[in-house]
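**Q**
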Amino acid sequence: MPWLLSAHSALSAPSHSLEIASEIPNQSSCFFSSRSGCKVKKYETQPLALDGCSQDEGAVISQISDISNRDGHATDEEKLASTSSGQKSAGAEVKGEPEEDLEYFECSNVPVSTINHAFSSSEAGLEKETSQKMEKDGSAVPIITKEIEANEWKKKYEETRQEVLEMRKIVAEYEKTIAQMIEDEQRTSMTSQKSFQQLTLEKEQALADLNSVERSLSDLFRRYENLKGVLEGFKKNEEALKKCAQDYLARVKQEEQRYQALKIHAEEKLDKANEEIAQVRTKAKAESAALHAGLRKEQMKVESLERALQQKNQEIEELTKICDELIAKLGKTD
Numbered sequence: 001m002p003w004l005l006s007a008h009s010a011l012s013a014p015s016h017s018l019e020i021a022s023e024i025p026n027q028s029s030c031f032f033s034s035r036s037g038c039k040v041k042k043y044e045t046q047p048l049a050l051d052g053c054s055q056d057e058g059a060v061i062s063q064i065s066d067i068s069n070r071d072g073h074a075t076d077e078e079k080l081a082s083t084s085s086g087q088k089s090a091g092a093e094v095k096g097e098p099e100e101d102l103e104y105f106e107c108s109n110v111p112v113s114t115i116n117h118a119f120s121s122s123e124a125g126l127e128k129e130t131s132q133k134m135e136k137d138g139s140a141v142p143i144i145t146k147e148i149e150a151n152e153w154k155k156k157y158e159e160t161r162q163e164v165l166e167m168r169k170i171v172a173e174y175e176k177t178i179a180q181m182i183e184d185e186q187r188t189s190m191t192s193q194k195s196f197q198q199l200t201l202e203k204e205q206a207l208a209d210l211n212s213v214e215r216s217l218s219d220l221f222r223r224y225e226n227l228k229g230v231l232e233g234f235k236k237n238e239e240a241l242k243k244c245a246q247d248y249l250a251r252v253k254q255e256e257q258r259y260q261a262l263k264i265h266a267e268e269k270l271d272k273a274n275e276e277i278a279q280v281r282t283k284a285k286a287e288s289a290a291l292h293a294g295l296r297k298e299q300m301k302v303e304s305l306e307r308a309l310q311q312k313n314q315e316i317e318e319l320t321k322i323c324d325e326l327i328a329k330l331g332k333t334d
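In terms of the working numbering, the sequence shown has 5 at position 5, counting the first letter as 1, and numbering is strictly consecutive.
1) Buried or exposed: where does valine 230 fall if 16 or more other Cβ atoms within 10 Å of its Cβ makes it buried?
2) According to the neighbour-count rule (16 or more other Cβ atoms, all chains shown, within 10 Å of its Cβ), is tyrosine 248 buried or exposed?
3) When the Cα atoms are used, what is the spatial distance from serine 195 to glutamate 158?
4) State buried or exposed for threonine 160, treating a residue as buried only when at least 16 other CB atoms are found within 10 Å of its CB.
5) Taking its Cβ as the centre, do 16 or more other Cβ atoms sit within 10 Å of valine 252, making it buried, or is it exposed?
6) Rounded to the nearest angstrom, what separates leucine 199 and alanine 208 at their Cα positions?
7) Using the C-alpha atoms, what's the distance from lysine 228 back to glutamate 238?
8) Can you give the Cα-Cα distance for leucine 326 and lysine 312, rounded to whole angstroms?
9) Is it right to say methionine 181 is buried, meaning 16 or more other beta carbons lie within 10 angstroms of its own, or is it exposed?
10) Just the C-alpha distance for leucine 309 and threonine 282, rounded to the nearest angstrom, thanks.
11) Where does serine 34 sit, in a helix, a strand or coil, going by DSSP?
12) Should tyrosine 174 be labelled buried (16 or more other beta-carbon atoms within 10 Å of its own) or exposed?
13) Could I get the ranges of all uninterrupted alpha helix (DSSP H) runs contained in the region 286-314, with 4 residues as the minimum, in chain order?
14) Going straight from the alpha carbon of leucine 291 to that of alanine 328, what length do you get?
15) Report the rounded CA-to-CA distance for isoleucine 322 versus glutamate 315, giving the unit in angstroms.
16) Mind checking methionine 167: buried by the 16 CB within 10 Å criterion, or exposed?
17) Between leucine 305 and the rest of its own chain, which residues show a CB-CB distance below 6 Å, the 5 nearest in sequence each way excluded?
18) Using the C-alpha atoms, what's the distance from serine 212 back to leucine 201?
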């Protein structure tokens with residue numbers, strides 16, 4: 001990746017002097033992710049000619065190694081301080097030596113004041129021992145050479161600072177990318193969880209529908225078996241009814257034949273009865289006419305008797321009147 005190459009090129013740059021390293025304690029030179037500690041390259045160079053410098057450098061590195069065992073993440077100042085500790089071992093030499101091997105260690109949440117105090121104490125001891133060595137040897141470095149060397153280190157410091165700024169931008173973009181990736185992952189996880197829950201609900205609904213369909217099929221099969229038995233019963237009843245219908249048809253034919261015979265016999269009887277009725281009617285008419293004639297004769301007799309009775313009654317009344325008159329006359333005479 002590009003940011004790894006830039007970081008490697010920045011970290012593999014020549015180490016600085018103790019003065020330059022002490023001026024940049026707040027610069028970041030390590031990378032880190034949003035979840036774990038950062039990986040920092042520590043340079044191991046050849047032993048210095050000055051024993052005191054190597055001893056102080058070992059003390060500082062051991063102190064930083066002890067501090068790095070703490071949990072958490074390092075800040076930019078702590079990361080650069082950790083890096084500068086590896087650079088000071090090479091800066092103490094007059095000529096930089098090529099790096100022999102690389103070692104990685106974890107940056108931790110170490111207070112900046114602790115690292116700065118360690119650097120300041122190690123620098124003071126190193127300067128003191130260096131000055132003592134130089135006084136003992138009687139060899140002092142010319143001021144012009146030191147100024148040139150200081151200018152070179154300042155130039156290297158500026159280059160390193162630019163690289164650190166670029167690395168900060170890269171790290172910021174990397175952190176932004178990681179944050180975006182984490183956010184996308186969380187969003188994807190939430191979407192997947194929702195989809196999983198939806199699929200679970202759909203699965204449960206499908207299982208419920210399947211169970212319902214299975215129950216419906218079992219009920220339908222049971223009803224089918226029942227209807228099958230009922231149909232067999234209907235078939236048996238149909239066969240029995242067909243036999244009964246055939247028997248009834250035979251009986252109907254027999255009864256029809258009997259009916260025809262009875263009809264013919266009844267017609268004969270009716271004809272004979274009609275003839276007898278006609279004869280009876282003719283005889284009745286003759287008898288009725290005779291009876292009417294006798295009745296008329298008797299009525300005429302009654303009428304003549306009634307007229308005779310009326311005449312007799314009138315005669316009786318006249319005789320009664322005459323008798324009454326005679327009696328009355330006799331009474332008057334007496």
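The beta-carbon is built from N, C-alpha and C at its ideal position, and this holds for glycine as well.
Source: prediction; values computed, not measured.
**A** Taking the definition as stated:
1) With fewer than 16 other Cβ atoms within 10 Å, it is exposed.
2) exposed
3) 54 Å
4) buried
5) exposed
6) In a straight line, the C-alpha of leucine 199 is about 14 Å away from that of alanine 208.
7) 15 Å
8) 21 Å
9) exposed
10) 40 Å
11) With a pLDDT of 37 at serine 34, under the threshold of 50, the modelled position of this residue cannot be trusted, and the question is left open.
12) buried
13) none
14) Distance between the alpha carbons of leucine 291 and alanine 328: 54 Å.
15) 10 Å
16) It counts as buried.
17) none
18) 16 Å
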